[in-house]
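Everything below concerns the one structure shown next.
Numbering (my numbering), first residue to last: 59 to 340.
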């Protein structure tokens, strides 16, 4: 649910470049610190967990316009270290098939990787007395809420809050139009700046006054666009913020239930995989 589906060109390089650097630093630390015997033993489990996560993040749920990530499940099954590596691989694959831009791989890995780590430690703490189903439910719910908060904060700060709304996850063409429009606005803005340098002082003052009025108008226009975007969201008979709230609630509920059911299945057929969480560390 926390995967950013924006195309390349919207998120600033001042954000996605540091995100890549941080991601690769974490990967380097994981590779250096992980035990080779553990890697050999966990490779099959890692492949299965990555495949499950890739399936959940690429196949839409028809009853809600969001994708499941199953990131917490990945952390429970293979631990936070290998789970983070699996998230990186899955994000690269998703970017190659058009689910978000290549430049967003680092950001998406950090956001969903945080879901893996947070979910793992919450599950480890809550399920220490053997209540795995309750632990999976609580860990998934809290981890998804935290990762979604990070995602919404990131998108809102760069592309606008309306881009983080659920219905935008299936609007790649819309994002391309938004990207082209942003580029055009930047070009126009640069031309205006160069023209201002050759205008007389009194004309500049007048232009500044007009620009302030225009900015106020643009703010009002953006405010109206945001409310229009929210009001256009529909979920069954509900619209607006009610629809957004229900979509997020149902999405988190489905993610939590799905993770809990799969954890419960492993408890029955391979209990050692789940119970070994208490012996795992970062």
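Heads up, the beta-carbon is just placed ideally off N, CA and C, and yes, glycines get one too.
Between the CA atoms of residue 138 and residue 178 - distance to the nearest angstrom: Within the chain shown, numbered from 1, the residue matching residue 178 stands at position 120. Within the chain shown, numbered from 1, the residue matching residue 138 stands at position 80. Distance from the CA atom of residue 178 to the CA atom of residue 138, rounded to whole angstroms, is 7 Å.
Measuring alpha carbon to alpha carbon, tell me which of 320, 129 and 191 ends up nearest residue 169. By 1-based counting over the chain shown, the position of residue 169 is 111. It is 129.
Count the other CB atoms, across all protein chains shown, that sit within 10 Å of the CB of residue 213; report buried if there are 16 or more and exposed otherwise. Position 155 of the chain shown holds residue 213. Buried, because 16 or more other Cβ atoms sit within 10 Å of the Cβ of residue 213.
Is the CB-CB distance between residue 291 and residue 308 below 8 Å? Position 233 of the chain shown holds residue 291. Position 250 of the chain shown holds residue 308. At the C-beta level, residue 291 and residue 308 stay beyond 8 Å of one another.
In the DSSP assignment, find the alpha helix (DSSP H) that holds residue 99 and state where it starts and stops. In the chain shown, residue 99 corresponds to position 41, counting from 1. From DSSP, the alpha helix (DSSP H) with residue 99 extends over 94–116.
Look at residue 132 and residue 111 and say whether their C-beta atoms are less than 8 Å apart. Locating residue 132 in the chain shown gives position 74, where the first residue counts as 1. Locating residue 111 in the chain shown gives position 53, where the first residue counts as 1. Cβ distance < 8 Å, so residue 132 and residue 111 count as in contact.
Contact under 8 Å by Cβ, residue 108 with residue 148: Numbered from 1 along the chain shown, position 50 holds the residue referred to as residue 108. Numbered from 1 along the chain shown, position 90 holds the residue referred to as residue 148. Between residue 108 and residue 148, the C-beta spacing is below 8 Å.
Indicate whether residue 144 and residue 198 have their beta-carbon atoms separated by less than 8 Å. Residue 144 sits at position 86 when you count from the first residue of the chain shown. Residue 198 sits at position 140 when you count from the first residue of the chain shown. No. Outside cutoff.
So is residue 341 buried or exposed if we call it buried at 16+ other beta carbons inside 10 Å? Past the edges of the chain, shown from 59 to 340, lies residue 341, and the structure says nothing about it.
What residue range is occupied by the uninterrupted alpha helix (DSSP H) comprising residue 149? Start at 1 with the first residue of the chain shown, and residue 149 comes out as number 91. Per DSSP, residue 149 belongs to the alpha helix (DSSP H) from 129–154.
Measure the beta-carbon distance from residue 172 to residue 135 and round it to whole angstroms, keeping in mind my assumption that it falls under 8 Å. Translated into the one-based positions of the chain shown, residue 172 becomes position 114. Translated into the one-based positions of the chain shown, residue 135 becomes position 77. About 17 Å; that fails the 8 Å criterion.
Look at the alpha carbon of residue 117 and the alpha carbon of residue 125, and state the distance between them as a whole number of angstroms. Locating residue 117 in the chain shown gives position 59, counting from the first residue. Locating residue 125 in the chain shown gives position 67, counting from the first residue. Roughly 7 Å separates the two Cα atoms.
What are the residues that DSSP puts in a beta bridge with residue 293? On the chain shown, position 235 is the one that residue 293 refers to. Answer is 296, bridged to residue 293.
Have a look at residue 100 and residue 300 and give me their C-alpha separation to the nearest angstrom. One-based indexing of the chain shown puts residue 100 at position 42. One-based indexing of the chain shown puts residue 300 at position 242. Residue 100 and residue 300: Cα-Cα distance of roughly 43 Å.
Restricting to Cα atoms, I'd like to know which of 106, 142 and 161 is closest to residue 75. Taking the first residue of the chain shown as 1, we reach residue 75 at position 17. The candidate whose alpha carbon is nearest that of residue 75 is 161.
Among the candidates 188, 164, 187 and 72, whose CA atom is the shortest distance from the CA of residue 85? The count along the chain shown starts at 1 and reaches residue 85 at position 27. When each option's Cα is compared against that of residue 85, the closest is 164.
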